[in-house]
Amino acid sequence: MTPPSGVVLLTDRLVARGGLDRVVAGAVAGGVRWVVLREKDLPRAERAALAVDLRAILADVGGTLVVAGPDPLGGDAVHLPAAGPYPPPTHSLVGRSCHDETELNRLTTEHYATVSPVWPTKTKPGYGPPLGPAGLRKLVRISNVPVLALGGVETPEQVTACVKAGATGVAVLGAIMRATDPTETAASLTSAYVEAVTPVLTQTRRGVTQVSTSGLRPTVPTQGSSLTARSGHGRPQPPTATKEEK
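Quick note, the sequence shown lines up with residues 2 to 247 if you use my numbering.
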């Protein structure tokens, strides 16, 4: 299973405007293809029923539901906390929350990691200080798996900054969950991601076409389950931007 990329939505039914199903459906209409089901306070039966509902919403667009915690609730994709379990379960897709170099170095068979907080966040204010784009870039470079940027990502400009730092995508909660129009917000963030990773063709004086990028060279499908970078294990490589940013 391909690791998440693009705009990844984290759920929080307590802040979702108009209900969680409505927000997720709106985000999917705006281009989101990955959703991480949190809601860990719910009984397993209720959480499993919610997973069924969200998978149905994602099914029409080939999207994927990832479940927070070791229990995939009938699926095969989970996202684990930094604290454990270790070793990770052997599901088709396993992600892990990380916050520093030590936690990234502890990864073994995980397929991707989230790195947070990149910016101050209302959802989990206990972590910090914020990494900022520079701190994110440092952790991306030492990670052996693709990295999603998490924490305080609310604007297209922040999405662009995360991509330029080497993240394969951004994990977003509040900006979409609290949005009056989740479709519009998701579309805006997704468009920023696509623009940041899409090569730009420029014409030179001699008529030779060159490719200029913001640091990534992904394959960006118009349909399908994800936006996937084509490089090694899936982490985007910034060959030209890196030199300029040093």
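Just so you know, even glycine gets a beta-carbon here, dropped at the ideal spot from N, CA and C. Given the structure is predicted, the values throughout are model-derived calculations rather than measurements.
Asked: Cα-Cα separation, V67 to S98; Found: 13 Å
Asked: Buried/exposed call for E246, threshold 16 Cβ in 10 Å; Found: Here E246 scores only 43 on pLDDT, less than 50, and its place in the model should not be relied on; the value that follows carries that caveat. Exposed: under 16 other Cβ atoms inside 10 Å.
Asked: Minimum length 3: unbroken beta strand (DSSP E) runs contained in the stretch 141 to 191; Found: 148 to 151, 170 to 173
Asked: DSSP three-state assignment for V67, whether helix, strand or coil; Found: strand
Asked: Cβ contact check for the stretch 130 to 148 and the stretch 175 to 187: 3 or more pairs under 8 Å; Found: no
Asked: Neighbour-count burial assignment, L15, 16 or more Cβ in a 10 Å radius; Found: exposed
Asked: Cβ shell of L105 (< 7 Å), same chain only, five flanking positions each side left out; Found: C99, A114, L140, I143, S144
Asked: C-beta atoms of L263 and A30 nearer than 8 Å; Found: Outside the displayed range of the chain (2 to 247) lies residue 263, so it cannot be described from this structure.
Asked: Integer-rounded CB distance, given that A187 should sit under 8 Å from V8; Found: 6 Å
Asked: Three-state secondary structure (DSSP) of R138; Found: helix
Asked: 8 Å Cβ cutoff met for V119 and L108; Found: no
Asked: Own chain, CB closer than 8 Å to P88, minus 5 neighbours either side, in chain order; Found: T109, T110
Asked: Cβ separation of A78 and H92, assumed to be a contact under 8 Å, to the nearest whole Å; Found: 6 Å
Asked: Residues near P1 by beta carbon distance below 8 Å, same chain, minus five either side; Found: Given that the chain is displayed from residue 2 to residue 247, the structure contains no residue 1 and the question cannot be resolved.
Asked: Secondary structure of T103, DSSP reduced to three states; Found: helix
Asked: Cut-off 6 Å between Cβ atoms - residues of its own chain near T161, not counting five sequence neighbours on either side; Found: A193, A197
Asked: Close beta carbons around R18, own chain, < 8 Å, minus the five adjacent residues each side; Found: V24, M178, R179, A180, T181, P183
Asked: Own chain, CB closer than 7 Å to E102, minus 5 neighbours either side, in chain order; Found: L140, I143
Asked: Cβ neighbours of D22 in the same chain (closer than 8 Å, five flanking residues each side left out); Found: D54, L55, I58
Asked: For T12 and R39, believed in contact at Cβ under 8 Å, the rounded distance; Found: 5 Å
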